[in-house]
Amino acid sequence: MSSLKLKDISKSFGAKSVILPLSIEVPHGAFVALLGPSGCGKTTLLRMVAGLETPTSGEIWLGEKKVYGPEVNTSPEERGLGMVFQSYAVWPHMTVEENVLYPLEVKRRKNRLSPEKRERAAAQALELVHLTELKKRYPHQLSGGQQQRVALARGLAMEPPVLLLDEPLSNLDARLRAEMRREIKELHRKLGMTILYVTHDQREAFEMSTHVVILNEGKIAQQGSPEAIRSTPSPGFVTEFLSEN
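First residue of the sequence shown? That's -14 in the working numbering, and the numbers climb one at a time after it.
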């Protein structure tokens, strides 16, 4: 069963093609890394999945539900996906707990979540990222790594069908990046959730994911398991890209 399918998705900004028609299938429970150099289209692809960018053509399916295609364009809120941004995107006037509760409150107002389940979901998410004891603090009282954990907890609390992460570790120092790599990988193992993860960092992609999609100039250069790509990289761009680090 697939949690996410992209069928012949493309994206152009005016005359400039950013994503040429491509198809990706993300199995349920997979951790898929979109890897490539800056400007290859990986963040644009993620934003189309989230509903923050509108594709030029193609279809996007979440499970058995089409969320984008001819005559269909489901809003980001209705897609119900969790998203963690590069810039943390935590609200400075809210405590850690309030940041995590906020998207659940939106869900509660639509009668999709009882107050009790809302509180329980937030508490469980904070426990998963080891922030329970800091739940009453404000973002300015946290380190960069702790702020990113808040953003991660907010995404996890939604129990999304797919968790989207856009370069979530790039603003952290080397020690914190290594720590967060381990934690995100462990969360994936523990929860078995489906993750789509954008990165330009080969180490992140190959250490954390179950499947890697390498992009170049809006096209898929190679995709497969980390082991398969490392052992048999496609000649040309992929071989050169992997040899750079």
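A virtual CB, placed ideally from N, CA and C, is assigned to each residue, including glycine.
All figures in this text were calculated on a predicted structure; none of them were measured in a lab.
Practice task
Pick out whichever of Met178, Glu225 and Glu152 has its Cα sitting closest to the Cα of Glu189.
Solution key: If you number the sequence shown from 1, residue 189 lands on position 204. Ranking Met178, Glu225 and Glu152 by Cα distance to Glu189 puts Glu152 first.
Practice task
Might you give, ordered along the chain, the residues of its own chain that have their beta carbon closer than 7 Å to the beta carbon of Thr28, omitting 5 neighbours on each side?
Solution key: Position 43 of the sequence shown, counted from the start, is the residue given in the question as residue 28. Contacts found: Asp151 and Val183.
Exercise for the section: Mark Pro77 as exposed unless 16 or more other C-beta atoms lie within 10 angstroms of its C-beta, in which case mark it buried. Expected result: On the sequence shown, residue 77 is found 92 positions in, with the first residue counted as 1. Pro77 is exposed by the Cβ-count criterion.
Practice task
Could you tell me the distance, in whole angstroms, from the CA atom of Val147 to the CA atom of Ile180?
Solution key: Taking the first residue of the sequence shown as position 1, residue 147 is located at position 162. Taking the first residue of the sequence shown as position 1, residue 180 is located at position 195. If I take the Cα positions, the gap works out to 6 Å.
Exercise for the section: Pick out whichever of Glu225, Gly203, Val34 and Glu229 has its Cα sitting closest to the Cα of Phe(-2). Expected result: In the sequence shown, counting from the first residue as 1, residue -2 sits at position 13. When only C-alpha atoms are compared, the closest one is Gly203.
Practice task
Would you identify the three-state DSSP class for Pro124, choosing helix, strand or coil?
Solution key: Taking the sequence shown and counting its residues from 1, the one referred to as residue 124 is at position 139. Reduced to three states, the DSSP call for Pro124 is helix.
Handout entry: Presumed contact (8 Å Cβ cut-off) between Pro6 and Gly43, rounded CB distance
Key = Here residue 6 refers to the residue found at position 21 when the sequence shown is read from its first residue. Here residue 43 refers to the residue found at position 58 when the sequence shown is read from its first residue. Correct: roughly 7 Å between the Cβ atoms.
Handout entry: Three-state secondary structure (DSSP) of Phe70
Key = What you label residue 70 is simply residue 85 of the sequence shown in a count that begins at 1. Of the three classes helix, strand and coil, the one that applies to Phe70 here is coil, per DSSP.
Problem - Spatial neighbours of Ala15 in its chain, beta-carbon cut-off 7 Å, leaving aside the 5 residues before and after - result: What you label residue 15 is simply residue 30 of the sequence shown in a count that begins at 1. Sequence-distant Cβ neighbours of Ala15 in its own chain, meaning closer than 7 Å and more than five residues away, are Thr179, Thr195 and His196.
Exercise for the section: Flag this pair as yes or no: are the beta carbons of Ser(-5) and Glu10 separated by less than 7 Å? Expected result: For the purposes of this step, residue -5 is taken as residue 10 along the sequence shown, with counting starting at 1. For the purposes of this step, residue 10 is taken as residue 25 along the sequence shown, with counting starting at 1. No, the pair does not count as a contact, with Cβ atoms beyond the cut-off.
Exercise for the section: List the residues that DSSP assigns as beta-bridge partners of Asp151. Expected result: Taking the first residue of the sequence shown as 1, we reach residue 151 at position 166. Per DSSP, Val183.
Practice task
Kindly confirm or deny that the segment 155 to 162 and the segment 127 to 139 touch, where touching means at least three C-beta pairs closer than 8 Å.
Solution key: With a cut-off of 8 Å, the segment 127 to 139 and the segment 155 to 162 count as touching, because enough Cβ pairs lie within range.
Exercise for the section: Starting from Gly14, trace the alpha helix (DSSP H) both ways and give me its first and last residue. Expected result: For the purposes of this step, residue 14 is taken as the residue at position 29 of the sequence shown. Per DSSP, Gly14 is not a residue of any alpha helix (DSSP H), being assigned neither H nor E.
Exercise for the section: Identify which residue in Leu(-11), Lys(-10), Lys(-8) and Met33 has its Cα closest to the Cα of Val3. Expected result: Within the sequence shown, numbered from 1, the residue matching residue 3 stands at position 18. Minimum Cα distance to Val3 is reached at Met33.
Practice task
With DSSP collapsed to three states, give me the class of His115.
Solution key: Here residue 115 is taken as the residue at index 130 of the sequence shown, counted from 1. Judged by DSSP in its simplified three-state form, His115 adopts coil rather than helix or strand.
Handout entry: Touch test, the segment 100 to 113 against the segment 136 to 146, Cβ-Cβ under 8 Å, three pairs minimum
Key = Contact holds: three or more Cβ-Cβ distances are below 8 Å.
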